[in-house]
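Below is one structure; the comments refer to it alone.
Protein chains: 2
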Amino acid sequence: MNAETLLLKGCRFVLLCAGCKPLVDTSILVSNGVIEYVGDNPPSGSKTGYVIECGEHSVAMPCMYNAHTHAAMSVLRGYYSDAELHDWLQAMWFVEHRLSSREAFLGSLVSGIEMLFSGTCGFMDMYFFPDEAAEAARRLGLRARVGPVIMGDVDPYRAVEEARRYARKLLGDPLVGGAINVHSIYAAPLEAIREGHRAAVELGVPFHIHVSETRREVYEAKKRYGVFPVELLGKLGALSENTVLVHAGWIASWELGLVKEKGASLVHCPASNMKLATAGHFPLYEAMESGINVALGTDGPASNDSLNMFSEMKIAVLLQRHSYWDTRVKARHVLRAATTGSAGAMMLPRGAGTLQPGAPGDIVVVNGVTPSALPLRRDNLEQVLVYSCEKCTPDYVAINGRLVLSPEKKPQLLEEAARAAKQLNEFIERIGPGKEPEPPCSPRIACRGD
Amino acid sequence: MNAETLLLKGCRFVLLCAGCKPLVDTSILVSNGVIEYVGDNPPSGSKTGYVIECGEHSVAMPCMYNAHTHAAMSVLRGYYSDAELHDWLQAMWFVEHRLSSREAFLGSLVSGIEMLFSGTCGFMDMYFFPDEAAEAARRLGLRARVGPVIMGDVDPYRAVEEARRYARKLLGDPLVGGAINVHSIYAAPLEAIREGHRAAVELGVPFHIHVSETRREVYEAKKRYGVFPVELLGKLGALSENTVLVHAGWIASWELGLVKEKGASLVHCPASNMKLATAGHFPLYEAMESGINVALGTDGPASNDSLNMFSEMKIAVLLQRHSYWDTRVKARHVLRAATTGSAGAMMLPRGAGTLQPGAPGDIVVVNGVTPSALPLRRDNLEQVLVYSCEKCTPDYVAINGRLVLSPEKKPQLLEEAARAAKQLNEFIERIGPGKEPEPPCSPRIACRGD
Numbered sequence: 106m107n108a109e110t111l112l113l114k115g116c117r118f119v120l121l122c123a124g125c126k127p128l129v130d131t132s133i134l135v136s137n138g139v140i141e142y143v144g145d146n147p148p149s150g151s152k153t154g155y156v157i158e159c160g161e162h163s164v165a166m167p168c169m170y171n172a173h174t175h176a177a178m179s180v181l182r183g184y185y186s187d188a189e190l191h192d193w194l195q196a197m198w199f200v201e202h203r204l205s206s207r208e209a210f211l212g213s214l215v216s217g218i219e220m221l222f223s224g225t226c227g228f229m230d231m232y233f234f235p236d237e238a239a240e241a242a243r244r245l246g247l248r249a250r251v252g253p254v255i256m257g258d259v260d261p262y263r264a265v266e267e268a269r270r271y272a273r274k275l276l277g278d279p280l281v282g283g284a285i286n287v288h289s290i291y292a293a294p295l296e297a298i299r300e301g302h303r304a305a306v307e308l309g310v311p312f313h314i315h316v317s318e319t320r321r322e323v324y325e326a327k328k329r330y331g332v333f334p335v336e337l338l339g340k341l342g343a344l345s346e347n348t349v350l351v352h353a354g355w356i357a358s359w360e361l362g363l364v365k366e367k368g369a370s371l372v373h374c375p376a377s378n379m380k381l382a383t384a385g386h387f388p389l390y391e392a393m394e395s396g397i398n399v400a401l402g403t404d405g406p407a408s409n410d411s412l413n414m415f416s417e418m419k420i421a422v423l424l425q426r427h428s429y430w431d432t433r434v435k436a437r438h439v440l441r442a443a444t445t446g447s448a449g450a451m452m453l454p455r456g457a458g459t460l461q462p463g464a465p466g467d468i469v470v471v472n473g474v475t476p477s478a479l480p481l482r483r484d485n486l487e488q489v490l491v492y493s494c495e496k497c498t499p500d501y502v503a504i505n506g507r508l509v510l511s512p513e514k515k516p517q518l519l520e521e522a523a524r525a526a527k528q529l530n531e532f533i534e535r536i537g538p539g540k541e542p543e544p545p546c547s548p549r550i551a552c553r554g555d
Numbered sequence: 106m107n108a109e110t111l112l113l114k115g116c117r118f119v120l121l122c123a124g125c126k127p128l129v130d131t132s133i134l135v136s137n138g139v140i141e142y143v144g145d146n147p148p149s150g151s152k153t154g155y156v157i158e159c160g161e162h163s164v165a166m167p168c169m170y171n172a173h174t175h176a177a178m179s180v181l182r183g184y185y186s187d188a189e190l191h192d193w194l195q196a197m198w199f200v201e202h203r204l205s206s207r208e209a210f211l212g213s214l215v216s217g218i219e220m221l222f223s224g225t226c227g228f229m230d231m232y233f234f235p236d237e238a239a240e241a242a243r244r245l246g247l248r249a250r251v252g253p254v255i256m257g258d259v260d261p262y263r264a265v266e267e268a269r270r271y272a273r274k275l276l277g278d279p280l281v282g283g284a285i286n287v288h289s290i291y292a293a294p295l296e297a298i299r300e301g302h303r304a305a306v307e308l309g310v311p312f313h314i315h316v317s318e319t320r321r322e323v324y325e326a327k328k329r330y331g332v333f334p335v336e337l338l339g340k341l342g343a344l345s346e347n348t349v350l351v352h353a354g355w356i357a358s359w360e361l362g363l364v365k366e367k368g369a370s371l372v373h374c375p376a377s378n379m380k381l382a383t384a385g386h387f388p389l390y391e392a393m394e395s396g397i398n399v400a401l402g403t404d405g406p407a408s409n410d411s412l413n414m415f416s417e418m419k420i421a422v423l424l425q426r427h428s429y430w431d432t433r434v435k436a437r438h439v440l441r442a443a444t445t446g447s448a449g450a451m452m453l454p455r456g457a458g459t460l461q462p463g464a465p466g467d468i469v470v471v472n473g474v475t476p477s478a479l480p481l482r483r484d485n486l487e488q489v490l491v492y493s494c495e496k497c498t499p500d501y502v503a504i505n506g507r508l509v510l511s512p513e514k515k516p517q518l519l520e521e522a523a524r525a526a527k528q529l530n531e532f533i534e535r536i537g538p539g540k541e542p543e544p545p546c547s548p549r550i551a552c553r554g555d
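Order-wise, the sequence lines are chains A and B. To convert, note that position 180 of the first sequence is 285 in my numbering; the numbers rise steadily by one, no gaps. To convert, note that position 46 of the second sequence is 151 in my numbering; the numbers rise steadily by one, no gaps.
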């Protein structure tokens, strides 16, 4: 915990929440890691602490949280990015079998720095090296949800017991919490799903699972179990407020009712779904309309290939409008998903994703002089943040009341990212790309020398 | 013209063209506005000029060109961005009827600075203030194609004559050339299309027209003329190598054959099409496969709402893969569209969009230490530029051999953008938003206070 105070003074605009009317020339006081006051006359004479002048063009907004990623996979960024899903997976596995905890840490570090530089204050991770993701998060001051991945032909009871122990160890940690990560209904024993969910409820942590990502998964489930994937989770007793269903691009309308009834969360990962050509349609509007908690995630840096939640919000609206043939999905929907929606799925402290007094001190201060984000006014603020801010780099990020990004800290973090990337490149060069990673030269028009 | 030389020394990677294998530790010499040499041993003792050390993490790549925009419309960024197309258009017209040349210039300036900061060296513009777009381009050193817009119930001969005179005046200008801009088949007299195209061919400039953007446009054309929009252009004799067809999301397969036969270019604007929910499918793969020149554009900042060609390339691949249900569209397709494809549509000098000797000295040097773009290697370079570079800001941009962006120039340009944006905001505040620009609060879940 952080006993110091942090005062953000005179922010040009303050957006308290998605859909809130922006405040003008406002200050924010954080104390003991919690937002204590928002207004134009902050209480003075309190404990010593940091005072930051937000600046003439500043926008203070709630943190975004990345509700689904595989942070270590920045080691595989751009690797086979143009291959079909099957070849891509082969390439992933080829490298992943050779990864050590060192590369997993360095990859998570690069991803963590990328997240800070794009206004993301926490992530829910699913990867084989939870210790390394946690270590990177702690080093940077990010929030994280981590846990071992239950996957493959494992003893379900033993695997869940290990995951339970892992999550229990993290109870009470202010930044890094546990999650019960079960890969999917097709890549883990069903018993691990049932038991894993039970453990998640018992410990009060998220039960985090990929579901209905591809049409094939849905068809196989129907063939094998007679029901669709989310229905199957229901039958296994694995749907509750702890449950976080990732992708759901092929979820059926009647399954949505089940999700709503049980209070589970959905995570939309539009860029990854599109890049891997899984098609489908994530029913964002119907889900939100019915009151389901919808979160937003980037998926891993090997299938996106960036972890920029500003971009992800924009892409989410674009995809939804393309699918619905109308503009029913608005900026505020995805801003809500990226802030309180993701915070809810990750079971972060109450108020996370807003700047309301009582919320945790998670604050992003964007500099409004990013050329793409001009002109910026009170009446277009939310739209500019969602549609024009992919290049917005915060001047300041505070997490749990602690200043983790500032103009002074940036050069050192960039240097750290470059150093880590260099080591990751040496690793890839050492193991070799397996085979020539260039995609086949077709259509001819796009190739040289034909 | 630029008589000085510019030497970019020791660039870590040099990408000569989309689909080219990156060169390592390479220098580029530009002389008289043209690339003279690319290699590791630049000729010495030549004329005095600038020498730039590219740096350890640098990537020199061809410029991108934005083949379709309405640059002045940054004044309308985020304005009614969440409204349905009809309401959005009403809001646009409300403001546009009140615009003066001053706001048009300032809007074009903000957009131009945004383009430079995201590696775009030129744009083809369609807006009511061509002088102001030209002035902004010249001030920043950008290439542009501009011309008055032929639209509405005008005398077609008089309107085309004016456009012809405008374009003729610009012949021989090294940076700003003319274009014959006819709005569309539904918003301009057909005679203006026929005559306008004739003028474009006569002067050797692009004939620039929106076509088949919406399903409605196609159906109306069929009802009114018995043919589809591109067929209609064919019947009017308006398809040739000068013709640039923008949007084409509802183009029919048999119309593609016509486009190919006549050598016209297509411009894909995926973000704008998705944001305005026009649906449809731009047949990028079939078009490129058949040898049609495909370009990429952002459309205006009021319908995108950013002019970032890195983002646009990524969104193009994402949309295409979502539509095709496979990964046939690769990074190199869209990189080609954004570079040589757009250069071709804009009729830029031979070689533009590549760094081959003999090409114009249009070069972007990206700093590879953008956290989202790490780790970067020779084998993933093209993929990282397309999928992970939305935050990449060039360290240097040279256009026609002249250095127009550098670390030293950035603060001044940002200040200029902020000053212009301030004046644009004052204008919007003066005319008032017309009506409350907030979208209706539905679904309830996304609204406060329900």
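C-beta atoms are modelled at their ideal positions from N, C-alpha and C, and glycine is treated no differently.
Task: Cβ shell of Gly385 of chain A (< 6 angstroms), same chain only, five flanking positions each side left out - done: Mapped onto the first sequence, residue 385 of chain A falls at position 280. The answer, listed in chain order, is Gly354, Trp355.
Open item on the list: Quick check on Ser82 of chain A: buried or exposed, where buried means 16 or more other Cβ atoms within 10 Å of its Cβ?
Closed with: In the structure as shown, chain A begins at 106 and stops at 555. Residue 82 of chain A is therefore absent and cannot be evaluated.
TODO: Name the two residues that bound the continuous alpha helix (DSSP H) containing Asp192 of chain A.
DONE: Taking the first residue of the first sequence as position 1, residue 192 of chain A is located at position 87. Segment 190–201, the alpha helix (DSSP H) holding Asp192 of chain A.
- [ ] Please check if any C-beta of chain A sits within less than 8 angstroms of the C-beta of Glu322 of chain B.
- [x] For the purposes of this step, residue 322 of chain B is taken as the residue at position 217 of the second sequence. No, Glu322 of chain B lies away from the interface with chain A (no Cβ there is under 8 angstroms from its Cβ).
Task: Beta-carbon proximity list for Gly252 of chain B, same chain, < 7 angstroms, skipping 5 on both sides - done: As a working note, residue 252 of chain B is residue 147 in the second sequence. Pro235, Ala268, Tyr271, Ala272, Gly283, Ala284, Ile285, Asn286.
- [ ] With a floor of 4 residues, list each alpha helix (DSSP H) that falls wholly inside the region 299–379 of chain A, ordered by position along the chain.
- [x] 320–330, 334–340, 358–367
TODO: Compare the C-beta of Phe118 of chain B with all C-beta atoms of chain A and state if any pair is closer than 8 angstroms.
DONE: As a working note, residue 118 of chain B is residue 13 in the second sequence. For Phe118 of chain B, the answer is no, since every Cβ of chain A falls outside 8 angstroms of its Cβ.
Task: Cβ neighbours of Ser395 of chain A in the same chain (closer than 6 angstroms, five flanking residues each side left out) - done: Reading the first sequence from its first residue, position 290 is the one you call residue 395 of chain A. Excluding positions up to five away in sequence, the list reads Lys365.
Open item on the list: Using 8 angstroms as the threshold, is the C-beta distance between Phe118 of chain A and Val156 of chain A below it?
Closed with: Numbered from its first residue, the first sequence carries residue 118 of chain A at position 13. Numbered from its first residue, the first sequence carries residue 156 of chain A at position 51. In this structure, the beta-carbon distance from Phe118 of chain A to Val156 of chain A does not fall below 8 angstroms.
Open item on the list: Please identify, using Cβ separations under 8 angstroms, the residues of the region 168–183 of chain B that lie next to chain A, in order along the chain.
Closed with: Ser179, Val180, Arg182, Gly183
- [ ] Have a look at Gly154 of chain B and Leu113 of chain B and give me their C-alpha separation to the nearest angstrom.
- [x] The count along the second sequence starts at 1 and reaches residue 154 of chain B at position 49. The count along the second sequence starts at 1 and reaches residue 113 of chain B at position 8. One C-alpha to the other measures close to 11 angstroms.
Open item on the list: Which residue marks the beginning of the alpha helix (DSSP H) containing Ala450 of chain B, and which one marks its end?
Closed with: Position 345 of the second sequence, counting from 1, holds the residue named residue 450 of chain B. Looking at the DSSP string, the run of the alpha helix (DSSP H) that includes Ala450 of chain B is 447–450.
Open item on the list: Counting only Cβ pairs nearer than 7 angstroms, list the residues of chain B close to Phe387 of chain A.
Closed with: Numbered from its first residue, the first sequence carries residue 387 of chain A at position 282. Within chain B, no residue comes near Phe387 of chain A; the closest Cβ sits about 11 angstroms away, beyond 7 angstroms.
Task: Residues sharing a beta bridge with Thr432 of chain A, DSSP - done: As a first step, residue 432 of chain A must be located in the first sequence, where it is residue number 327. Per DSSP, none; premise fails for Thr432 of chain A.
Task: Where Lys114 of chain A falls: helix, strand or coil (DSSP) - done: Position 9 of the first sequence holds residue 114 of chain A. Strand, per DSSP.
Task: Residues that Glu158 of chain A bridges to, as DSSP identifies them - done: Walking along the first sequence from the start, residue 158 of chain A turns up at place 53. DSSP output for Glu158 of chain A lists A:Lys114 as bridge partner(s).
Task: Beta-carbon neighbours of Arg426 of chain B, restricted to chain A and to distances below 7 angstroms - done: Residue numbering aside, residue 426 of chain B sits at position 321 when the second sequence is read from its first letter. Ordered by position in chain A, the residues that pass the 7 angstroms Cβ test against Arg426 of chain B are Met379, Lys380, Ala382.
Open item on the list: Can you tell me whether Ala209 of chain B is helix, strand or coil according to DSSP?
Closed with: One-based indexing of the second sequence puts residue 209 of chain B at position 104. In this structure, Ala209 of chain B counts as helix in the three-state DSSP scheme.
Open item on the list: Am I right that Val200 of chain A and Leu214 of chain A are in contact with their C-beta atoms under 8 angstroms? What's the rounded C-beta distance?
Closed with: Numbered from 1 along the first sequence, position 95 holds the residue referred to as residue 200 of chain A. Numbered from 1 along the first sequence, position 109 holds the residue referred to as residue 214 of chain A. Not a contact, Cβ separation roughly 18 angstroms.
Task: Contact belief for Ser345 of chain A with Val306 of chain A at Cβ below 8 angstroms, rounded distance in angstroms - done: For the purposes of this step, residue 345 of chain A is taken as the residue at position 240 of the first sequence. For the purposes of this step, residue 306 of chain A is taken as the residue at position 201 of the first sequence. Indeed they touch by this definition, with Cβ atoms about 6 angstroms apart.
Task: chain B contact residues for Ala436 of chain A, given Cβ-Cβ distances below 9 angstroms - done: As a working mapping, residue 436 of chain A is identified with position 331 in the first sequence. Result: Gly183, Ser186, Asp187, Pro544.
- [ ] State yes or no: is the C-beta of Leu113 of chain A nearer than 7 angstroms to some heavy atom of the ligand SAH?
- [x] You won't find the ligand SAH in this model; it holds no ligand whatsoever.
Task: Validate contact between the region 237–246 of chain A and the region 171–179 of chain A using beta carbons, cut 8 angstroms, 3 pairs - done: yes
Task: Check whether Ile290 of chain A and Val332 of chain A have beta carbons under 8 angstroms apart - done: The count along the first sequence starts at 1 and reaches residue 290 of chain A at position 185. The count along the first sequence starts at 1 and reaches residue 332 of chain A at position 227. Taking 8 angstroms as the Cβ cut-off, Ile290 of chain A and Val332 of chain A do not qualify as a contacting pair.
Open item on the list: With a threshold of 8 angstroms between beta carbons, is Glu219 of chain A in contact with chain B?
Closed with: As a position in the first sequence, residue 219 of chain A is number 114, starting the count at 1. It does: the Cβ of Glu219 of chain A has a partner Cβ on chain B nearer than 8 angstroms.
Open item on the list: Can you tell me whether Leu121 of chain B is helix, strand or coil according to DSSP?
Closed with: As a first step, residue 121 of chain B must be located in the second sequence, where it is residue number 16. Note: Leu121 of chain B maps to coil in three-state DSSP.
Open item on the list: Is there a C-beta anywhere in chain B that falls below 8 angstroms from the one on Trp430 of chain A?
Closed with: The residue given as residue 430 of chain A occupies position 325 in the first sequence. Yes, contact with chain B.
- [ ] Could you name each continuous beta strand (DSSP E) segment of 3 residues or more that falls completely within the region 219–255 of chain A, going from the start of the chain to the end?
- [x] 225–230, 248–251
Open item on the list: Between Val502 of chain B and chain A, is the shortest Cβ-Cβ distance under 8 angstroms, so that the two count as touching?
Closed with: Taking the first residue of the second sequence as 1, we reach residue 502 of chain B at position 397. So, not an interface residue.
Task: Within chain A, the residues that Ile420 of chain B reaches when beta carbons sit closer than 8 angstroms - done: Against the second sequence, residue 420 of chain B aligns to sequence position 315. Simply Ile420, Leu423.
Task: Proximity test, Cβ basis, 8 angstroms: Arg535 of chain A and chain B - done: Taking the first sequence and counting its residues from 1, the one referred to as residue 535 of chain A is at position 430. No, because no Cβ of chain B sits closer than 8 angstroms to the Cβ of Arg535 of chain A.
- [ ] Run the CB neighbour count on Gly554 of chain B, radius 10 Å, all protein chains shown included, and call it buried at 16 or more, exposed below.
- [x] Position 449 of the second sequence holds residue 554 of chain B. For Gly554 of chain B, the predicted model reports a pLDDT of 32, less than 50, meaning its position is unreliable and no value from the coordinates is stated.
Open item on the list: Count Cβ pairs between the region 511–523 of chain B and the region 207–226 of chain A that sit closer than 8 angstroms; are there 3 or more?
Closed with: Output reads no: the region 207–226 of chain A does not touch the region 511–523 of chain B.
Task: Residue closest to Ser477 of chain B, alpha-carbon to alpha-carbon, out of A:Leu481, A:Asp410, A:Met451 - done: Indexing the second sequence from 1 puts residue 477 of chain B at position 372. It is A:Asp410 whose Cα lies nearest to the Cα of Ser477 of chain B.
Open item on the list: For Asn137 of chain A, report the span of its beta strand (DSSP E) as first-last.
Closed with: Residue 137 of chain A sits at position 32 when you count from the first residue of the first sequence. Unbroken run through Asn137 of chain A: none, as it is neither H nor E.
- [ ] For the beta strand (DSSP E) holding Arg507 of chain A, just list the boundary residues, first then last.
- [x] Working through the first sequence from its first residue, we reach residue 507 of chain A at position 402. It spans 507–510 - the beta strand (DSSP E) in which Arg507 of chain A sits, taken as one unbroken run.
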